[in-house]
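Shown next, in structure tokens, is the structure this report addresses.
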Amino acid sequence: MATEISQKKHEPKWMLEYRLACAELLKTIPQPAWGPDLSGLNLDKIQYYVDPKTVRKATWQELPGDVAKIYDDLGIPEAEQSSLAGVGAQFDSEVVYHNLRETVRKKGVIYEDFDVAARGEIPELSEAENAKIANMVREHYMQLVKPDEHFYAALHGAVHSGGSFVYVPKGVEVEIPLQAYFRFNAPSAGQFEHTLIIVDEGAKLHFIEGCSAPKYNEANLHAGCVEIYVGKKALVRYSTVENWSKNMYNLNTKRAKVEAGGRLEWVSGSFGSHVTMLYPCSVLAGKGASSSYLGISLAGEGQDLDTGAKMIHLAPQTSSTIESKSIVKPGGKTTFRSLVKICAEDCKSSSNCDSLLVENPVENSQNVAKSHKTAPENVVKNTTLKAPVSDTIPSVELKGVTADVSHEARVGRISEEQLLYLQSRGLSESAARNLIVSGFAESVARELPLEYAVEMNRLVNLEIKGGL
Amino acid sequence: MLNIKDLTVRLAGKEILNRLCLTVEDGDILVIMGPNGAGKSTLARAIMGLVKYQGELRYLAGDAHASQALRTCRSCYEVQRSSAREDGPEQAVRWVDLLRRQDPPEVRSRLGIFLSFQEPPAIPGITISDFLRAITSEEVDLAEFYQNLSKNLALVGLPEDYADRELNVGFSGGEKKKLEMLQLLMLNPQLAVFDEIDSGLDVDTVRTVAKSIKKWHTSEKSAIIITHNSRLIKRLNPNKVAILQNGKIVKTGNLGLALATLAEGFNG
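So the sequence lines, in the order shown, correspond to chains B and H. Quick note on numbering: this note's numbering labels position 32 of the first sequence as 65, and the sequence is numbered without any gaps. Quick note on numbering: this note's numbering labels position 215 of the second sequence as 222, and the sequence is numbered without any gaps.
Shown next, in the form of structure tokens:
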């Protein structure tokens, strides 16, 4: 399989060798022994490479009609016009669209399909520049996420396809975000895109990643990998809004290395998938580096979302914050898992973790006068689902140093008094629930780019309504 | 405006209200007094539809509210044709039997009933201006809405920047009650029930509360005020006073009854 993908892509030799080494490694690494149940994922049934049957285009009009329509429905071309500096769109295993604004390109910013960058075939660049980029890819590829770390990292190394490469030169501030959009369309498909971002000293970047897929009965697998190098005093924000369909196993690995005075901000919204295991990690390698993680997850029936963050403080005076919110509906489960590891003096870390359990409306409001029209439906619908579950598993390791570390966790419910209060002001029970849930999510929603915040509110409302 | 007949409420097997009868006319300011546990808050919550009850609770919605309810929640409201023709103009039936319908609180709110909560809950992440925008009529344009909001904030003595504060989050008791008054002014209901609006308030806040109620009140609107605060009672100058004891209205009168009760207690 690895050889086949590599040949199809005309990859450099080192990449093929890397794939083969990863494939060998796979035989020796067991599946994760902790976290959500992955037994529904049959790796023999996954299609590791799905060709979208189109070569990459630079305008949306050139794409085949059905592919173009999907992106159109998702509003990507419209968003590109109004608020993005560059867009890459991956359809199944290949990047089908790529474009970067001329003004940004002129500053020396490179945003390309990962495979094209690895081959050194970026059309706008000279041979020498391409050789430099190809070398940069080779030097940084899978250096932060090592293939021997876990099964899905090794699998990624063997079969990865597509993804993004971004380079922002020293001192360049990319004012408007770059975006990559990942779409799965084939049943039983696996998507293994690789995202490599290198932001040089004093530079600034906001990168947005969006994901979606239609629903099939067979399990899908997403085992992508994101590696971000944040230079000295550079600032990078990486935002993700993930709305995979409910048959997806989303086992993604994201890691960043932050040099002195640099800062990396993870913003993450997890709404879809059947199972998610995702713990973005920041390695604070230089003095005074900092990182934050702001995440929200929404789990409904049959969803097990296991998310969190890792902050590794290797250098002195580094700081990190983790803020996590989860909304859990009946039949859903969320787990927050964090690791804060401090190996240097004078470091600070705080985490804050809030869960909102959205329970069956009937149990909540037995005493309320209800119009007889809605009552019977509620009774029938809410008999089978299990109560929502939310766990918090924080872990702190101090390597012979003292540090200022705090962790707070809370689990709350929508109280009957809140609902009655809002209903007394003229809101229907479902509108009241939506308002309370939107309020709970607000601190994360306001950090997302506007169109995503709107999308998130729509998803949250859609999900909550679906449960009534 | 409101006719209550044989209102009975049982909570956790205990009878809280026992065949209570009460009539409220247009323009009434009615003060209800009674010992702890007499059922005053339960009466307020029954009128708002927050507890289940038996008996009769009839409410006459004014034209404005009846037609608004007709527009916004057609399914919960009875409609009749004002002419005999099938396509004649529609009119809402104004008298609503709230018991038979067991209308949920949101319908009562749209019909013009308001309850000022004794302890309003906090709703984190939702700002006061967003909340008020969500509960007030969509027909008011945004500029007019913000104009009203800023005028009414000043009236209830809350600083302008409170519009961006989260609903009741970290509010003192006095601020919460001022926010209830702000909602009263923004929603402009026809019948408002104030449950222990004065509890824990300082003299200045009591004055603000009285001022807000008087600002809102007209001869077409009625107020039911549950209180034992002599300052508030004197400022509001109620035309009716009722004593609620053991789940029933045991005595009715005018301001004199309130003053006598304040002086001598419920068994005086």
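Think of the CB as a built atom: it goes at the ideal place given N, C-alpha and C, for glycine as much as any other residue. What you are looking at is a predicted structure, and each value in this text was computed from that prediction instead of being measured.
(message) Check this for me: beta carbons of Ile-135/H and Arg-172/H, under 8 Å apart or not?
(response) yes
(request) From the DSSP output, in three-state form, read off Arg-466/B for me. (result) helix
(request) Go ahead and pull the three-state DSSP assignment for Trp-67/B. (result) coil
(message) Less than 8 Å between the beta carbons of Ser-194/B and Ser-126/B, yes or no?
(response) yes
(request) May I ask you to list, following chain order, the residues of the stretch 472 to 483 of chain B that have a beta carbon less than 8 Å from some beta carbon of chain H? (result) Gly-472, Phe-473, Ala-474, Glu-475, Ser-476
(request) Could you tell me which chain B residues have their CB closer than 9 Å to the CB of Gln-190/H, listed as they occur along the chain? (result) Arg-458
(request) Return the CA-CA distance between Asp-387/B and Pro-97/B, expressed in angstroms with no decimal places. (result) 44 Å
(message) Is Asn-411/B close to chain H? Criterion is C-beta to C-beta, closer than 8 Å.
(response) Caution applies to Asn-411/B, whose pLDDT of 35 falls short of 50 and renders its modelled position unreliable; the value that the coordinates give is listed next. Asn-411/B does not count as touching chain H.
(message) If we require 4 or more residues per run, which alpha helix (DSSP H) segments fall completely within the stretch 97 to 146 of chain B?
(response) 98 to 106, 109 to 116, 135 to 139
(request) Assign Ala-420/B to one of three DSSP states: helix, strand, or coil. (result) coil
(message) Does chain H have any CB closer than 8 Å to the CB of Ser-359/B?
(response) no
(message) Could you give the first and the last residue of the continuous alpha helix (DSSP H) run that contains Glu-57/B?
(response) 46 to 59
(message) Buried or exposed, going by whether 16 or more other CB atoms sit within 10 Å of the CB of Ile-38/B?
(response) buried
(request) Report the neighbours of Ile-79/B on chain H: residues whose CB is nearer than 8 Å to its CB, in chain order. (result) Under the 8 Å cutoff, chain H gives no residues; its nearest Cβ is about 40 Å from Ile-79/B.
(request) Please check if any C-beta of chain B sits within less than 8 Å of the C-beta of Pro-245/H. (result) no
(message) Using beta carbons (cut-off 8 Å, strictly below), is Tyr-454/B in contact with chain A?
(response) In the displayed structure, chain A is absent; the protein chains listed are B and H.
(request) Spatial neighbours of Pro-63/B within its chain, please: CB distance less than 8 Å, with the 5 preceding and 5 following residues excluded, ordered by chain position. (result) Phe-184
(message) What ranges does the beta strand (DSSP E) occupy inside the stretch 113 to 197 of chain H, keeping only unbroken runs of at least 3 residues that lie completely in it?
(response) 120 to 123, 130 to 134
(request) For Ser-221/B, collect the residues of the same chain with a Cβ closer than 8 Å to its Cβ; drop the 5 residues on either side in sequence, then sort them by chain order. (result) Lys-78, Ile-79, Gln-80, Tyr-249, Glu-251, Ala-252, Asn-253
(message) Among the candidates Gly-180/H, His-224/H, Asn-244/H, Gln-190/H, whose CA atom is the shortest distance from the CA of Glu-203/H?
(response) Gly-180/H
(message) Please list, in chain order, the chain H residues whose beta carbon lies closer than 7 Å to that of Ile-469/B.
(response) Ile-130
(request) Determine the chain H residues that contact Glu-450/B at a beta-carbon separation under 7 Å, and present them in chain order. (result) Pro-128
(request) For chain B, find out if any of its Cβ atoms is closer than 8 Å to the Cβ of Phe-124/H; answer yes or no. (result) yes
(message) Check for me: the beta strand (DSSP E) holding Trp-299/B runs from which residue to which?
(response) 296 to 303
(message) Applying the 10 Å Cβ sphere with the 16-neighbour rule, what's the burial state of Pro-69/B?
(response) buried
(request) Report all residues from its chain with a CB closer than 6 Å to the CB of Val-308/B; omit the five preceding and five following residues, and keep chain order. (result) Pro-69, Tyr-282, Asp-337
(request) Answer yes or no: does any C-beta atom of chain B fall closer than 8 Å to that of Ala-141/H? (result) yes
(request) Select from the stretch 46 to 61 of chain H all residues with a C-beta closer than 7 Å to any C-beta belonging to chain B, and list them in chain order. (result) Met-55, Gly-56, Leu-57, Val-58, Lys-59
(message) Can you give me the C-alpha to C-alpha distance between Glu-441/B and Lys-358/B, rounded to a whole angstrom?
(response) 12 Å
(message) Taking CB distances under 8 Å as the criterion, tell me whether Ser-461/B reaches chain H.
(response) yes
(request) Report the neighbours of Glu-113/H on chain B: residues whose CB is nearer than 7 Å to its CB, in chain order. (result) Gln-456, Gly-459, Leu-460, Ser-461
(message) Can you give me the C-alpha to C-alpha distance between Ile-360/B and Val-274/B, rounded to a whole angstrom?
(response) 15 Å
(request) State buried or exposed for Gln-123/B, treating a residue as buried only when at least 16 other CB atoms are found within 10 Å of its CB. (result) buried
(request) Return yes when the Cβ of Leu-24/H is within less than 8 Å of the Cβ of Thr-49/H, no when it is not. (result) yes
(request) Look up Leu-76/B in the DSSP assignment and say whether it is helix, strand or coil. (result) coil
(request) Can you give me the Cβ contacts of Leu-139/H inside the same chain, cut-off strictly under 6 Å, excluding the 5 residues immediately before and after it? (result) Met-193
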